[in-house]
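Report on the following structure.
Protein chains in written order, with this note's numbering: chain S, 21 to 546; chain H, 66 to 473.
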C-alpha cells in the first residue's frame with residue numbers, strides 16, 4: 021500500500037518536473053525582401069529661373085544670381101519717440117452761465133516731439149495707437165471733440181467726439197479713448213507750415229445739450245492727456261540726422277558644410293558686391309572685410325582696391341513706387357584681385373565688415389531727406405558668369421540620423437545589400453562610401469560600394485550631356501548587419517571628379533536620378 | 066537536443082493522455098457506473114492542428130530550430146487561399162468529495178477544480194504566409210492579399226467549484242477566470258502590391274489589434290461554467306448507452322486597460338525623397354501616413370469555450386466492443402464543428418483501447434488511438450487524437466492526452 025502511494029507521488033512529481041523543466045529552443049527563419057529606400061532626382065532645371073541659374077542659347081548654364089547679404093531694418097532709422105502731451109483748457113472770461121448745448125471752448129495748441137537732431141516735416145504712421153484721457157470738472161456732462169488738425173487719412177482730419185460725465189474740480193469726470201492711428205500722415209510743420217517736429221491738437225467743449233444750465237469759472241480746467249506709444253512709420257520727410265550703421269556679419273552657407281576635401285576649378289567669373297541706398301539722403305558706404313573660411317579653417321580674404329575706403333552713395337531718385345535706389349558697386353572678375361582663389365576656397369563661413377553713414381556731411385538736402393515704404397539699405401551679391409566648374413576629388417560628406425532598430429529580437433536584418441541605381445547627366449562621376457556610426461558618431465563599419473557613378477559625356481552637338489546609367493552595390497554582410505544593432509547614424513561620403521578640370525561645362529539637362537533599394541534577408545526569431 | 070526532444074515528447078504524452086474519469090472532454094469519454102468516493106484527478110491535453118501547416122514545419126515551433134528556405138517554400142506551396150490553425154494547452158486538476166450535501170439528493174456532493182489554459186486560433190491567406198516566411202519576392206508584379214487575416218491568443222487560470230452527482234457523474238461548477246495574457250488582431254481589408262522589380266509598394270490595410278498590457282499579474286476578470294451531463298438512452302437492446310454533454314469555459318472575461326491599436330492606411334511608397342532624410346522626418350511622416358492610433362481600453366471577450374455532445378462508452382459494460390461518436394465545438398469563429406466516431410475494445414477487465422476518426426476543427430481528417438489501464442484505485446489513460454501526426458512529418462497536427470485519477 022505504501023509502495024503504491026510512493027509510485028503515485030513519484031509519477032506526479034515527474035510530470036511536474038517535466039512540465040516546468042521544458043524550455044523550447046528558438047524558432048528561426050529568414051525571408052527575402054526587396055524594398056525601395058530612396059527615390060529622388062537632383063535636377064538642375066529646378067534652379068533655373070529662380071534667380072540662381074539661367075540657360076544660355078547653347079544650353080549651357082549661366083550663374084545669374086542675386087543674393088541679399090544683409091538688409092538694414094529702417095524702422096530704427098526714424099523713430100517717433102513715445103510722447104505724452106498734457107494740456108488744460110479753460111474759458112477766457114472769469115465766469116459764465118452755460119445754457120444746454122453751448123460751445124464754450126474751441127482752442128488749438130501745438131506740441132513738440134522731442135527728436136534729437138532729426139527735424140521732421142512729415143511722417144506716415146505704419147502702425148500705432150493714440151490714447152486720450154479727458155477730464156471734465158463741471159457738474160453736467162460735457163461733449164468733447166478732440167481733433168489733430170495736421171493728422172490726415174484719406175483727406176479726413178483725425179477727429180473724435182466723446183461725451184464725458186460731469187464731476188468737480190477735485191473729482192472730475194473722466195473719459196478714456198484708444199484710437200488707431202495706422203495710415204495717418206502727420207504734418208509736423210505747425211499752423212503756418214514753416215516749422216517742424218510739431219503736432220497740433222484742437223479741443224472743443226460743449227455743454228450737455230439735454231442738461232441744465234450750469235455755472236463755470238476760468239478756474240475750471242478741462243484737461244486732456246494724449247499718449248502716443250510705439251509708433252512705427254513707413255514714410256518720413258525732413259532731415260534724418262547723421263546716422264552710422266556698422267557691423268561685421270557672419271554668413272554661414274550650410275549647403276557647403278558637407279565639403280570635407282578636394283578642390284574645384286572655376287572659370288570666367290564675374291561677381292559684383294553692391295551697396296544699395298533706397299533713401300533719398302546722401303550716404304557713404306565702406307566695405308572693410310570680406311573673407312571666406314572653409315572646412316579646413318583656411319581663410320581667404322577677398323581683395324579690392326576700394327575696400328576700406330568710404331565711398332559716396334547718392335540719394336535715391338524719384339519717389340514712392342518709382343523710387344530708384346543708388347548703388348555702389350564693387351566689381352570682381354578673373355582679372356581683378358583674387359576672386360578665383362576666394363571662390364575655390366569653398367568656404368562655408370563668410371565674414372563681411374561694412375559701414376553705411378547717412379548724411380555724412382550734415383543737412384545738405386535742406387530738410388528734404390525722404391524715406392519711402394519701399395526704401396532699403398542693403399548689400400547684395402550679384403553674379404553673371406557661365407557655370408564652368410571642374411571637380412578634382414571634391415569630397416562631400418553628410419550624416420543622417422537613422423535607427424535601424426536591428427536589435428529587435430523578433431525581426432532583424434541578417435544580411436543583404438543596398439543597390440544604388442543612378443542615371444547621371446552631370447559631367448561629374450562619384451565614388452561613394454557608407455559608414456555606420458554609433459550614438460557617439462564613432463565608425464562601426466565602413467561599407468564601400470562596388471561600382472561607381474560615371475561622369476556623363478557630351479553629345480555630338482555639344483548641347484547636352486548623355487545620360488549614363490550605373491548600379492552600385494553596398495554589401496551588408498553579417499558583420500555589417502550585426503553593426504546595425506548599434507547604428508544610430510549613417511554617414512555618406514561621395515568623392516566627385518569631373519572629366520575636365522578646366523572649362524567643364526554644365527548643360528541644362530544635368531540631372532542625377534537616384535534609386536536606392538535594399539535586398540535584405542530578414543531573420544525572425546520567436 | 067535528443068534528450069530534450071524525448072523530454073518534450075514524454076511531456077506531451079504525459080499531459081495529454083486521458084483516463085476514464087467523468088468530466089474529461091477528449092476522446093474517448095468513459096463512463097464509470099460505480100458510485101464514486103473521494104477522487105482526485107489530473108487531466109491534460111495539448112493539440113495543434115491546421116489545414117496547411119505540415120508537421121515538419123509546425124514542429125519547428127514546438128521544438129524550436131531553423132526553418133530553412135526549402136521548408137518555407139514547400140510549406141508556402143501547400144497553402145490554400147484560406148487556411149486555419151489552432152493550438153491549445155489545457156492542464157487541470159479537480160477534487161470530488163463524497164459527502165452528502167442535500168438530504169433530498171443523497172448522491173450530490175461538492176467539488177472544486179482548477180485549470181491553466183492556453184488557446185490560439187488563427188486564419189490567414191496563403192499570401193500572408195508567403196510574406197511572413199518567404200518575403201516579397203514571389204509577389205513582384207502582383208498583389209499579396211492580407212484580407213481576412215485574424216488571430217487570437219488567450220492564456221488564463223480558471224478556479225471554481227460546484228456540485229456533482231456521485232452516481233451519474235454529472236457535474237456543474239462556476240469558475241472565476243483570471244486572464245494572464247491576451248492578444249487579438251484582425252486585418253479586415255488589406256493587400257500589398259509590388260511593382261515588377263520591387264521599387265514601388267502599394268499598401269492598403271485596415272485592421273486592429275488588442276494586447277493585454279496591464280501591469281497587474283492578472284489582466285482582467287471573468288466567469289465561466291464547466292459542466293457535464295450524462296443522459297442514458299435506450300432505443301433498443303442492441304443500441305443503448307449514455308449521451309454526454311460537456312462544456313468547459315463557457316463564459317467571458319473583461320480585459321482591463323489593454324492597448325488597442327488601429328491602422329487604416331492606403332499608401333503608395335517608392336522611397337523617401339532626399340529632403341525627407343536630410344530633415345530627419347522621413348520615417349515619422351511615413352508612420353503618420355499609416356494612420357496608426359494607439360489607445361487604452363477595456364474589452365469584453367467571450368472565452369474560447371469547449372462544447373462536446375456525443376455517445377460515450379461505459380467502463381463497466383459487459384460488451385467487449387462499444388461505439389462512440391459525437392460533435393465538438395470551440396466558441397470561436399475559426400474552429401469548424403468537429404465530428405468524430407470510434408470503436409472501443411475492452412478485452413480485459415482492467416485494460417481497454419480503441420481508435421477513432423475525426424474531421425473538422427482547425428484542420429481536416431485525423432485518426433486517433435488510445436489505451437486505458439485501471440486498478441481499483443488508479444486510473445491511467447494515454448492517447449492521441451492524431452496518431453499519424455505523431456509519427457509523420459507530412460501530417461497537419463499533433464495531439465497527446467493523459468489522464469490520471471486516484472480514487473481515495
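Heads up, the beta-carbon is just placed ideally off N, CA and C, and yes, glycines get one too.
Within 8 Å (strictly less), CB to CB, does residue i reach chain S?
i	result
residue 342 (chain H)	yes
residue 366 (chain H)	no
residue 131 (chain H)	yes
residue 247 (chain H)	no
residue 265 (chain H)	yes
residue 372 (chain H)	no
residue 251 (chain H)	no
residue 89 (chain H)	With a pLDDT of 44 at residue 89 (chain H), under the threshold of 50, the modelled position of this residue cannot be trusted, and the question is left open.
Between which two residues does the alpha helix (DSSP H) carrying residue i extend?
i	result
residue 359 (chain S)	359-364
residue 454 (chain H)	452-456
residue 190 (chain H)	Counting along the chain, residue 190 (chain H) falls outside any alpha helix (DSSP H), though it belongs to the beta strand (DSSP E) covering 173-190.
residue 127 (chain S)	Unbroken run through residue 127 (chain S) is the beta strand (DSSP E), 123-132; no alpha helix (DSSP H).
residue 501 (chain S)	498-503
residue 122 (chain H)	120-127
residue 339 (chain H)	339-343
residue 140 (chain H)	134-143
Using a Cβ-Cβ cut-off of 8 Å, state whether residue i counts as contacting chain H.
i	result
residue 536 (chain S)	yes
residue 22 (chain S)	Summary for residue 22 (chain S): the model assigns pLDDT 49, below 50, so the residue's position carries little reliability; its value from the coordinates is reported in the next sentence. It does not: the Cβ of residue 22 (chain S) has no partner Cβ on chain H nearer than 8 Å.
residue 471 (chain S)	no
What residues match up with residue i in a beta bridge as DSSP calls it?
i	result
residue 247 (chain H)	H:219
residue 227 (chain S)	S:162
residue 326 (chain S)	Answer is none; residue 326 (chain S) lacks a bridge partner.
residue 207 (chain S)	S:142
residue 407 (chain S)	DSSP lists no partner for residue 407 (chain S).
residue 459 (chain S)	BP columns for residue 459 (chain S) are empty, so no partner.
residue 432 (chain S)	S:543
residue 297 (chain H)	H:307
residue 97 (chain H)	Looking at the DSSP assignment, residue 97 (chain H) forms no beta bridge with any residue, so it has no partner.
residue 155 (chain S)	S:194, S:243
residue 511 (chain S)	S:419, S:455
residue 284 (chain S)	S:411
residue 312 (chain H)	H:292, H:372
Along chain S, which residues have their Cβ under 8 Å away from the Cβ of residue i?
i	result
residue 134 (chain H)	50
Using a cut-off of 7 Å between C-beta atoms, extract the partners of residue i located in chain S.
i	result
residue 198 (chain H)	49, 51
residue 125 (chain H)	47
Who are the neighbours of residue i on chain S, taking C-beta pairs under 9 Å?
i	result
residue 137 (chain H)	49, 50, 51
Just reading off the beta strand (DSSP E) that residue i is part of, what are its end residues?
i	result
residue 47 (chain S)	47-63
residue 389 (chain H)	386-395
residue 82 (chain S)	81-91
residue 168 (chain H)	Per DSSP, residue 168 (chain H) belongs to no beta strand (DSSP E) and is neither H nor E.
residue 378 (chain S)	369-378
Scan the segment 45-68 of chain S for residues whose Cβ lies nearer than 8 Å to a Cβ of chain H and list them as they occur along the chain.
-> 45, 46, 47, 48, 49, 50, 51, 52, 53, 54, 55, 56, 57, 58, 59, 60, 62
Residues within the segment 410-440 of chain S neighbouring chain H, beta-carbon criterion of under 7 Å = 420, 421
Chain S contacts from the segment 316-340 of chain H (Cβ-Cβ distance under 9 Å) | 334, 335, 336, 337, 338, 339, 340
Residues of the segment 145-174 of chain H with Cβ closer than 8 Å to any Cβ of chain S, in chain order = 156
Taking any Cβ of chain S, which residues in the segment 195-220 of chain H have a Cβ under 8 Å from it, in chain order?
-> 196, 197, 198, 199, 200, 201, 202, 205
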